[in-house]
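Report on the structure given below.
There are 2 protein chains.
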Amino acid sequence: MMEAIAPSTETTIDPVRVFRLLGDETRLRAAVLMHRHGELCVCELTDAIGVSQPKMSRHLGHLRDVGLVATRRSGQWVHYALRPDLPAWLGDALAALTGEPPFADDSTRLRSAMARHRDQCEQ
Amino acid sequence: MMEAIAPSTETTIDPVRVFRLLGDETRLRAAVLMHRHGELCVCELTDAIGVSQPKMSRHLGHLRDVGLVATRRSGQWVHYALRPDLPAWLGDALAALTGEPPFADDSTRLRSAMARHRDQCEQ
DNA sequence: TCAGTATATATGGATATACGCATACATGCC
DNA sequence: GGCATGTATGCGTATATCCATATATACTGA
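For the protein sequence lines, the chains are A and B, in the order given. Going by numbering that gives the first Met the number 0, 57 is the number at position 58 of the first sequence; the sequence numbering is gapless. Going by numbering that gives the first Met the number 0, 84 is the number at position 85 of the second sequence; the sequence numbering is gapless.
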């Protein structure tokens with residue numbers, strides 16, 4: 000299947016690739032959190048989802064490699080956000096999952112994490 | 000993650016499972032064809048997508064095992080269709096992919112396959 | 001019953017994927 | 001520069017996933 004990164008309204012990523020990427024629990028949960036809350040720091044995602052740091056970093060790396068997320072370093076902290084030009088169907092799907100388990104709980108835990116990290120990984 | 004089959008408006012299938020399932024090219028292409036054309040016979044899917052019969056059967060089996068499709072045997076022929084009570088976001092995603100490659104080509108080839116199979120695997 | 005056809009499943013093998021743990025790399029402060 | 005902290009990556013291992021090929025199973029008609 001053809002795969003091209005086109006600088007247009009929507010990023011063209013192989014849909015099979017997208018489905019496969021999000022077919023992992025950690026990655027799907029991270030994607031839903033980013034969709035709902037916007038740009039997030041690795042440490043916040045790690046805490047909210049409750050996985051080890053290397054595991055989260057590795058998974059975020061996968062999302063980055065495929066072009067699903069954009070990153071920004073701020074001192075020691077790296078922030079990840081879904082690219083705004085992703086296909087609409089993907090955004091809609093992530094939005095639809097927001098209120099379901101375990102994504103809703105992740106969101107709650109994220110708010111705690113954000114409060115704890117407030118003065119450290121500033122937004 | 001909790002997985003339950005609830006006889007309600009929408010089937011509750013673990014979204015991670017869904018994404019993972021559709022993260023395979025053959026299965027995603029089959030799902031899009033079924034979404035667009037409705038109930039299809041294994042032979043039609045096999046021809047349209049251009050894979051071997053055992054391969055198609057295996058993949059359809061995966062979809063069946065998870066509860067994404069319903070099957071109906073008609074003599075020698077087995078028809079598969081997406082369950083109507085799938086989550087809306089999934090239907091929307093499949094619909095959005097319909098006009099893209101390679102799904103559009105699959106659809107064209109399916110029409111030929113349906114014409115060829117008309118008198119055999121009757122609908 | 002037997003032969004033909006459609007479909008599902010078994011088998012062995014190759015490849016992909018995920019993980020924990022360790023560590024390399026990046027940044028900031030004293 | 002040394003130390004602390006956040007993040008990314010290496011490494012070995014276990015498991016999952018996919019495939020081609022062969023064959024079992026199901027159905028039909030003569």
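Glycine included, each C-beta is placed from N, C-alpha and C at the ideal position. A quick note: this is a predicted structure, and the numbers were derived from the prediction, not measured.
Return yes when the Cβ of alanine 47 of chain A is within less than 9 angstroms of the Cβ of leucine 32 of chain A, no when it is not.
-> yes
In angstroms, rounded to a whole number, what distance separates the CA positions of aspartate 104 of chain A and glutamate 43 of chain B?
-> Those two C-alpha atoms are separated by around 43 angstroms.
List the endpoints of the continuous alpha helix (DSSP H) containing serine 106 of chain B.
-> 102-116
Answer with yes or no whether the minimum CB distance from valine 15 of chain A to chain B is below 9 angstroms.
-> So, interface residue.
Simplified DSSP assignment, three categories, for threonine 45 of chain B = Three-state result, threonine 45 of chain B: helix.
Only counting runs of 3 or more residues, tell me where the beta strand (DSSP E) segments fall wholly within the segment 18-44 of chain A, in order along the chain.
-> Residue ranges of uninterrupted beta strand (DSSP E) with 3 or more members are absent from the segment 18-44 of chain A; none lies entirely inside it.
Nearest to glycine 90 of chain A by alpha carbon, out of A:His36, A:Gln52, A:Gln119, A:Asp23?
-> A:His36
For tryptophan 88 of chain B, I'd like the list of residues in its chain whose CB is within less than 7 angstroms of its CB, leaving aside the five on either flank, ordered along the chain.
-> none
Identified DSSP bridge partners for alanine 127 of chain A = For chain A, the structure presents residues 0 to 122; residue 127 of chain A sits outside this window and is missing.
Helix, strand or coil for aspartate 64 of chain B per DSSP?
-> helix
Over what stretch of residues does the alpha helix (DSSP H) that includes aspartate 91 of chain B continue unbroken?
-> 87-96
Kindly indicate if chain B contains any beta-carbon less than 9 angstroms away from that of aspartate 64 of chain A.
-> no
Candidates B:Ser73, B:Ala112, B:Thr25, B:Leu59: which alpha carbon is nearest phenylalanine 102 of chain B's?
-> B:Thr25
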